[in-house]
Amino acid sequence: MLPLKIDEFQLYPIEKTLSSSSAIPGKSGMYAWYLNFSKFSTISSKDDFEKNIIKLDELLTKDTLTGSVKSFFKRFNVDLNEERIWLDQFTTTTTGKVITVGEKLNTLTLSQCQDIFNYLSQFSMLVSPLYVGIAKSLQTRFDGHKRAFYEIKKMQADGEDPDVIYEEAEKSFGGRAAIRGFNWEHLIFACAEMPVDRHTIQSQEFLINRLYSPILGRK
Amino acid sequence: MQIAGDFGTFFTDPTSPVFFLNTSFEIDSIKYLKPVREVLDVAEVDFDELVQRDLDDFRIRQDIVPYLVDNMGYKFFPPIVVALTQPAANRQSIKQYYPPIKAKLIENGRKLEVEFDNAFSLTWYTNGSDQVHSLPAALRWNPDKTHLMAVDGQHRLVALQAVRGLLVADNLKLFYHNVLQYKDELDNIKVPVTILIFPNCIQNIAAEDLALLQRYFVKIDWATTSRMPVKQVLRDIFVDVNKSARQPSKARTILLNEKDLSAIFSRRIFSSIKDENPTIYSALLEYNSTTNKDTQIEKGRAIITTIGIVYNICQFLFADEKGVGIDDGTTLRTRLDILNYPEFPSSEEFPKETMKSTEFSLEQRKIAQKIFAEKWLHVFKSFLIDLLPFKILTDAMKAEYDKYQLLLKDLTISADDNEIYKILFGNVEDRFILENNAKIRTNTQVIIKLRKLKELESRIRGSVSNHEVFYTLMFQRGFFEAVTKLIEDGLFENSYYVKHEELGYIIATLNLYISNHPKGSLFEYSNPINNLIFGGKASPENSNLIAALITVILVNYKRSSLQNLLLKNIEVAEGVRARLSVTNLIILKEKMKRSLAAEYKSLTANKIRLSEIQLKKEQDDNDWKAMQLQFEADMEYYVAEHLTQEEIKLKKDVEIED
């Protein structure tokens, strides 16, 4: 078995890249973008907690419906599921018991709610990445994503046609993050240097995204 | 004094009502209208206290007076807008709030009168159904306690006062003496004036007065719970009325802008430097540039920085859009750690997640200022006070001030010298007047005074003649670029700012380098390496090269002898230190390489070679390609050879060990 290299991942939150990306390696490697939960961690009430969750839901939800047709001959029985992280209630698959969010929230104190974000803040990397990729130069890729992100922000500020903005945003991770409403400081760039074959890099990156299907991957 | 007029109300924003009284003044009664400099001692006023600091006297004399008096009498002018203000006892600020008020119905309820202590009062006729008539309303004021201070049109006002001989100060009388000849042309005219009064700037109001006023002014919230300081309303009005008028100078805009945190922080920085040097600050800080060269320090002036330079640095720190073309507030929120600040104000209209330096609520501004004062203000203060070149210049200025005080005490100072010192340490507008009076060739005495002032400043500046580069935007911004990069590289305890003692190590290490190089440091234009990096001049776009140079010094100089206080006191992983050294050295070398290539091309013999290549190319002679290749090979050799030599010298100078 190849050794796990996760401990070689270097993390670059906004505080390390604010004025330049020069600290990020210029060499090839794998990278991932994570959500920086610490930017959501100031909670002074349970209402704040809920607002934060809703905000995260807006940022992370796939905005898609999945459905299945149960019987074709008798009658249409369509089961639709919305892929959102924050649903008011949750049904356990084994017992069918319904647990509501309010119920769970009532069992927690404010400081226990705060702890949830504190845990997540310290382990942002344990939550699914928003995007994964391979790049010839990690620094150049970071710069490219940042440029794409601000290009969309600029188009929005200039009041350009939403369809044109959407089309442009779909072209890269940076654009997709911008159009979802992320702030640049919500994101953490994580990377590890690795040798890559520059000729097959695009195909490899495409397939990795298909295998993993990250939230802000190309659809 | 009393005047009647047409009364009305407008709002600068929904919570900020303004009363106005439209009226007109007899021409010679305009002496009761005051430009800011007559109300406040502008030399002493805090930078954050001002509404309108300076006047462009040259523009008044050159443009406005001739417009007024071209044999056609008084021409159309919109009203002069004045605000009812009260200076504090020391004339250093405007009183925050109007005095407590008493409201009463008089003359059997025919009139409503509101008295603001014994400073001023307003009277309206009532209509018998809880309403006041707009015309006529009357204002009475005590000129000893209340001033009608110009908010808009103070240039017009001074022009009229100058023509009518109503100016008080001797230097201004001299400056404007030629315009007195037009006095008669303005006989028997009236000047339109709008007087502004702020009903939500009241110190105190009793419940019964509040009840009475709420009956008559239902839309006005007189209660002190929603009150605002007078100067804040004034600033908003000034910015609003000037939006469509002649563009104020950049320096003036920075001094006035309430809607840009970079400007607000800049004023805070200047005020704190002023607090450190209360007697000499006006000689050390440039904040009144009437041109748009607000980021340049005039040659020979003993100035440490300008409001434009400080503003530029604040923009880099808190509103940077370099490389991305838009400021979405990321730098501000990150450098103040707004998203992690407990209970940072946030609302639907002003969410903290989208706050930026030009979009914020009043509560957000207040907390942002607090964080700035705690985390960043000390960086500016230490930099401008403790870094050796600034300290030397400040000490030289202090010594000159002490000398002046001694001369005053001994009564041995001449009247001229006294005036020169007063201009140096006093009101910056006096300097402007002196400079303009000196443009008239016949004013020999004034010309001599100005020359003496410049000699004095030049002598003080001479104390730092080998440190020219420090007094540029390039250096001062470069320093902050270096500091922020070190923060980003994780050298310090906190991820978004540098603590006071940590910054102290940076300053101490730089000071060590500077004091060990009394001549020929890498910051001196005369140093050949400096010349290769900066081309013998300061360009703001080269601030990144200053940042690289500072970083190379900080992570190498006196490292092995343990005198480098930064490395001695801060644990820096060797890998990080080495990376910082190498990457910044590469930045410097790349620039030196480009300069050496340019130098090679500019040698006479090589200019001839290049012309010959061009000629061959134009004649379609194929030899040009071989010649071009040979030229490039020779140039590469020249660059490599010289670069190696200069790199050795640079490494030796900053003590880089291979």
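Listed in order, the protein sequences are those of chains E and B.
Per the numbering used here, the first sequence starts with residue 4, numbered consecutively.
Per the numbering used here, the second sequence starts with residue 149, numbered consecutively.
Don't be surprised by glycine CBs; every beta carbon is placed ideally from N, CA and C.
Computed from a prediction, not measured in an experiment: that's the story for all the values here.
{"Query": "For the region 420–432 of chain B, which residues have a beta carbon sitting closer than 8 angstroms to at least one beta carbon of chain E?", "Result": "none"}
{"Query": "Using a 10 Å radius around the Cβ and a threshold of 16 neighbouring Cβ atoms, would you call residue 456 of chain B buried or exposed?", "Result": "buried"}
{"Query": "Report the rounded CA-to-CA distance for residue 704 of chain B versus residue 734 of chain B, giving the unit in angstroms.", "Result": "15 angstroms"}
{"Query": "Output the distance between the C-alpha atoms of residue 103 of chain E and residue 111 of chain E, rounded to the nearest integer angstrom.", "Result": "14 angstroms"}
{"Query": "I want to see whether chain B comes within less than 8 angstroms of residue 17 of chain E, judged by CB atoms only; does it?", "Result": "yes"}
{"Query": "Kindly identify the DSSP beta-bridge partner or partners of residue 160 of chain E.", "Result": "DSSP output for residue 160 of chain E lists no bridge partner at all."}
{"Query": "Check whether the Cβ of residue 174 of chain E lies closer than 8 angstroms to any Cβ atom in chain B.", "Result": "no"}
{"Query": "Anything in chain E within Cβ reach of residue 488 of chain B, meaning under 8 angstroms, just list it in chain order.", "Result": "41, 42, 44, 45"}
{"Query": "Using a Cβ-Cβ distance under 8 angstroms, would residue 93 of chain B count as near chain E?", "Result": "Look at the range of chain B in this structure, 149 to 806, and you will see that residue 93 of chain B is not part of it."}
{"Query": "Step through the CB atoms of chain E and report whether any lies within less than 8 angstroms of the CB of residue 459 of chain B.", "Result": "no"}
{"Query": "Put residue 762 of chain B into one of helix, strand or coil per three-state DSSP.", "Result": "helix"}
{"Query": "Determine, using beta carbons only, whether residue 342 of chain B comes closer than 8 angstroms to chain E.", "Result": "no"}
{"Query": "On a CA-only basis, which of B/562, B/343, B/526, B/511 is nearest residue 497 of chain B? Give me that one, please.", "Result": "B/511"}
{"Query": "Spatial neighbours of residue 338 of chain B within its chain, please: C-beta separation below 8 angstroms, excluding the five flanking residues on both sides.", "Result": "172, 173, 174, 175"}
{"Query": "Any contact between the region 29–46 of chain E and the region 109–127 of chain E? By contact I mean 3 or more CB pairs, one from each, below 8 angstroms.", "Result": "yes"}
{"Query": "Consider the Cβ of residue 201 of chain B: report whether some Cβ of chain E lies at a distance smaller than 8 angstroms.", "Result": "Because the pLDDT at residue 201 of chain B is just 49, under 50, the model does not fix this residue reliably, and the value given afterwards should be weighed accordingly. No, residue 201 of chain B lies away from the interface with chain E (no Cβ there is under 8 angstroms from its Cβ)."}
{"Query": "Exposed or buried, residue 199 of chain B, counting other C-beta atoms within 10 Å across all chains shown (16 or more means buried)?", "Result": "Model confidence at residue 199 of chain B stands at a pLDDT of 48, short of 50, so the residue's coordinates are unreliable; what they give is reported in the following sentence. Buried, because 16 or more other Cβ atoms sit within 10 Å of the Cβ of residue 199 of chain B."}
{"Query": "Would you say residue 37 of chain E lies against chain B (beta-carbon separation less than 8 angstroms)?", "Result": "no"}
{"Query": "Specify, as a first and last residue, the run of the beta strand (DSSP E) that residue 246 of chain B falls within.", "Result": "Looking at the DSSP string, residue 246 of chain B is not in any beta strand (DSSP E), and its letter there is neither H nor E."}
{"Query": "Suppose the cutoff is 8 angstroms on Cβ atoms and the five residues either side in sequence are ignored; what does the same chain contact list for residue 164 of chain E look like?", "Result": "none"}
{"Query": "Kindly confirm or deny that the region 492–508 of chain B and the region 465–475 of chain B touch, where touching means at least three C-beta pairs closer than 8 angstroms.", "Result": "yes"}
{"Query": "Whole angstroms are fine: how far does the CA of residue 484 of chain B sit from the CA of residue 514 of chain B?", "Result": "13 angstroms"}
{"Query": "State the Cα-Cα distance for the pair residue 159 of chain B and residue 187 of chain B, rounded to the nearest angstrom.", "Result": "25 angstroms"}
{"Query": "Is there a Cβ of chain B sitting closer than 8 angstroms to that of residue 263 of chain E, yes or no?", "Result": "Since the first and last residues shown for chain E are 4 and 222, residue 263 of chain E lies out of range."}
{"Query": "On a Cα-Cα basis, can you pick out the residue from B/648, B/487, B/689 that is closest to residue 625 of chain B?", "Result": "B/689"}
{"Query": "Assign residue 804 of chain B to one of two classes, buried (16 or more other C-beta atoms within 10 Å of its C-beta) or exposed (fewer than that).", "Result": "buried"}
{"Query": "Hey, does residue 188 of chain E have any beta-carbon neighbour from chain C nearer than 8 angstroms?", "Result": "Among the chains of the structure shown, chain C does not appear; the protein chains present are E and B."}
{"Query": "Mark residue 599 of chain B as exposed unless 16 or more other C-beta atoms lie within 10 angstroms of its C-beta, in which case mark it buried.", "Result": "exposed"}
{"Query": "Report the rounded CA-to-CA distance for residue 780 of chain B versus residue 737 of chain B, giving the unit in angstroms.", "Result": "19 angstroms"}
{"Query": "To the nearest angstrom, how far is it from the Cα of residue 461 of chain B to the Cα of residue 351 of chain B?", "Result": "37 angstroms"}
{"Query": "Can you confirm whether residue 131 of chain E, when its beta carbon is compared against all beta carbons of chain B, has any partner nearer than 8 angstroms?", "Result": "no"}
{"Query": "Can you tell me the Cα-Cα spacing of residue 135 of chain E and residue 36 of chain E, whole angstroms?", "Result": "7 angstroms"}
{"Query": "Between residue 284 of chain B and residue 153 of chain B, which are expected to be in contact by the criterion C-beta below 8 angstroms, what is the C-beta distance as a whole number of angstroms?", "Result": "7 angstroms"}
{"Query": "Measuring CB to CB, does residue 669 of chain B end up less than 8 angstroms from residue 622 of chain B?", "Result": "no"}
{"Query": "Show which residues of chain B have a CB atom less than 9 angstroms away from the CB atom of residue 140 of chain E.", "Result": "Residues of chain B passing the Cβ test: none, with the nearest at roughly 15 angstroms."}
{"Query": "Rounded to the nearest angstrom, what separates residue 526 of chain B and residue 14 of chain E at their Cα positions?", "Result": "29 angstroms"}
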